[in-house]
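Sequence positions in the sequence shown follow the UniProt record's numbering and run 1 to 193. Taking it in order: structure first as structure tokens, then the write-up.
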Amino acid sequence: MVKPSVDLDKLANKIHMVENENSALKVTVQELKYKSELEKANLQSKLELQTSKSESCKQAYEKSIKILETGAESLNEKLRDKEDKLEMLQKSYKELSSVIQAKDEELLLAKQQEDAVMNKEEFKTVTHQRDRTQSSQSKPKTQQHEVKERPSVILIGTSNIKGIEPSKLSSKFTLRKLNAYTFEQTESQLRDM
Numbered sequence: 001m002v003k004p005s006v007d008l009d010k011l012a013n014k015i016h017m018v019e020n021e022n023s024a025l026k027v028t029v030q031e032l033k034y035k036s037e038l039e040k041a042n043l044q045s046k047l048e049l050q051t052s053k054s055e056s057c058k059q060a061y062e063k064s065i066k067i068l069e070t071g072a073e074s075l076n077e078k079l080r081d082k083e084d085k086l087e088m089l090q091k092s093y094k095e096l097s098s099v100i101q102a103k104d105e106e107l108l109l110a111k112q113q114e115d116a117v118m119n120k121e122e123f124k125t126v127t128h129q130r131d132r133t134q135s136s137q138s139k140p141k142t143q144q145h146e147v148k149e150r151p152s153v154i155l156i157g158t159s160n161i162k163g164i165e166p167s168k169l170s171s172k173f174t175l176r177k178l179n180a181y182t183f184e185q186t187e188s189q190l191r192d193m
């Protein structure tokens with residue numbers, strides 16, 4: 001009967017071993033549970049940090065977009081203002097150009113009329129000189145001096161030739177002044193001669 005006590009000792013030993021293993025397993029499970037809780041908390045904090053960074057990046061991005069949109073709207077408005085101003089300046093330029101052109105035409109017409117009056121007076125002067133010459137030629141030959149006919153020079157120009165005194169240039173030729181403001185008028189003057 002010794003046998004049941006040995007079996008009991010073996011069984012008690014096995015129970016003790018199983019309890020030790022069970023305790024060791026409980027400690028291991030506790031450690032794993034602690035590590036998993038710690039890792040879970042660590043991952044949770046990393047996730048919250050990433051979420052917060054993403055949110056702040058999103059807010060900064062949205063703020064930048066708003067600033068850029070506001071700047072673009074401001075630039076578009078300035079561009080529209082510049083285009084309107086440019087359009088007004090072009091319109092003013094066209095109006096002033098037409099006014100200047102009209103004034104130029106008036107000035108040209110006035111100069112032409114003045115030149116026509118001046119040419120008539122010159123023509124009268126030349127005619128009077130010819131009449132005097134002809135009347136002196138009709139006198140008896142004893143009183144007449146031989147007058148050599150001088151070469152004739154024609155000066156064609158704009159109003160800048162008004163100040164030229166023909167008598168001061170040379171006594172060797174006769175100077176006739178004609179005013180012409182355009183190439184067509186010059187051609188016309190030359191054809192009329």
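Glycine residues also receive a C-beta, built at the ideal position from the N, C-alpha and C atoms.
Buried or exposed (CB count within 10 angstroms, at least 16 for buried), N76: As a working mapping, residue 76 is identified with position 76 in the sequence shown. Classification of N76: exposed, given that the 10 Å Cβ count is below 16.
What separation, rounded to the nearest whole angstrom, lies between the Cα atoms of K33 and L11? Translated into positions along the sequence shown, residue 33 becomes position 33. Translated into positions along the sequence shown, residue 11 becomes position 11. So the two alpha carbons sit approximately 32 angstroms from each other.
N119 vs L178 beta-carbon contact at 8 angstroms: Numbered from 1 along the sequence shown, position 119 holds the residue referred to as residue 119. Numbered from 1 along the sequence shown, position 178 holds the residue referred to as residue 178. At the C-beta level, N119 and L178 come within 8 angstroms of one another.
Terminal residues of the continuous beta strand (DSSP E) containing T174? Here the question's residue 174 lines up with position 174 in the sequence shown. Where T174 is concerned, the enclosing beta strand (DSSP E) stretches over T174 to N179.
Please name the residue or residues paired with S159 in a DSSP beta bridge. The count along the sequence shown starts at 1 and reaches residue 159 at position 159. According to the DSSP secondary-structure assignment, S159 is paired through a beta bridge with no residue.
Tell me whether the beta-carbon of F173 lies closer than 8 angstroms to the beta-carbon of S159. Residue 173 sits at position 173 when you count from the first residue of the sequence shown. Residue 159 sits at position 159 when you count from the first residue of the sequence shown. No. Outside cutoff.
Through-space distance from Q59 to K53, alpha-carbon basis: Locating residue 53 in the sequence shown gives position 53, where the first residue counts as 1. Locating residue 59 in the sequence shown gives position 59, where the first residue counts as 1. One C-alpha to the other measures close to 10 angstroms.
Could you check which residue in T51, R150 and E48 has the C-alpha nearest to that of S171? Walking along the sequence shown from the start, residue 171 turns up at place 171. Of the candidates T51, R150 and E48, the one whose C-alpha sits nearest the C-alpha of S171 is R150.
For D81, count neighbouring Cβ atoms within 10 angstroms of its own Cβ and tell me buried if that reaches 16, exposed if not. On the sequence shown, position 81 is the one that residue 81 refers to. With fewer than 16 other Cβ atoms within 10 Å, it is exposed.
Suppose contacts are defined by Cβ-Cβ distances below 8 angstroms. Is I154 in contact with R176 by that definition? On the sequence shown, position 154 is the one that residue 154 refers to. On the sequence shown, position 176 is the one that residue 176 refers to. In contact: I154 and R176 (Cβ atoms closer than 8 angstroms).
Should D115 go down as buried or exposed, given a rule of 16 or more other Cβ atoms within 10 Å for buried? Within the sequence shown, the letter at position 115 stands for residue 115. Buried, by the Cβ-count rule.
To the nearest angstrom, how far is it from the Cα of T182 to the Cα of K85? By 1-based counting over the sequence shown, the position of residue 182 is 182. By 1-based counting over the sequence shown, the position of residue 85 is 85. So the two alpha carbons sit approximately 37 angstroms from each other.
Run the CB neighbour count on D192, radius 10 Å, all protein chains shown included, and call it buried at 16 or more, exposed below. For this step, residue 192 is matched to residue 192 along the sequence shown. The residue is exposed, with fewer than 16 neighbouring Cβ atoms inside 10 Å.
Beta-carbon proximity of A180 to I164, cut-off 8 angstroms: In the sequence shown, residue 180 corresponds to position 180, counting from 1. In the sequence shown, residue 164 corresponds to position 164, counting from 1. Against a cut-off of 8 angstroms, the Cβ pair of I164 and A180 comes out as no contact.
What is the residue span of the alpha helix (DSSP H) that S188 lies within? Numbered from its first residue, the sequence shown carries residue 188 at position 188. It spans F183 to D192 - the alpha helix (DSSP H) in which S188 sits, taken as one unbroken run.
With which residues is S64 paired in a DSSP beta bridge? Here residue 64 refers to the residue found at position 64 of the sequence shown. Per DSSP, none; premise fails for S64.
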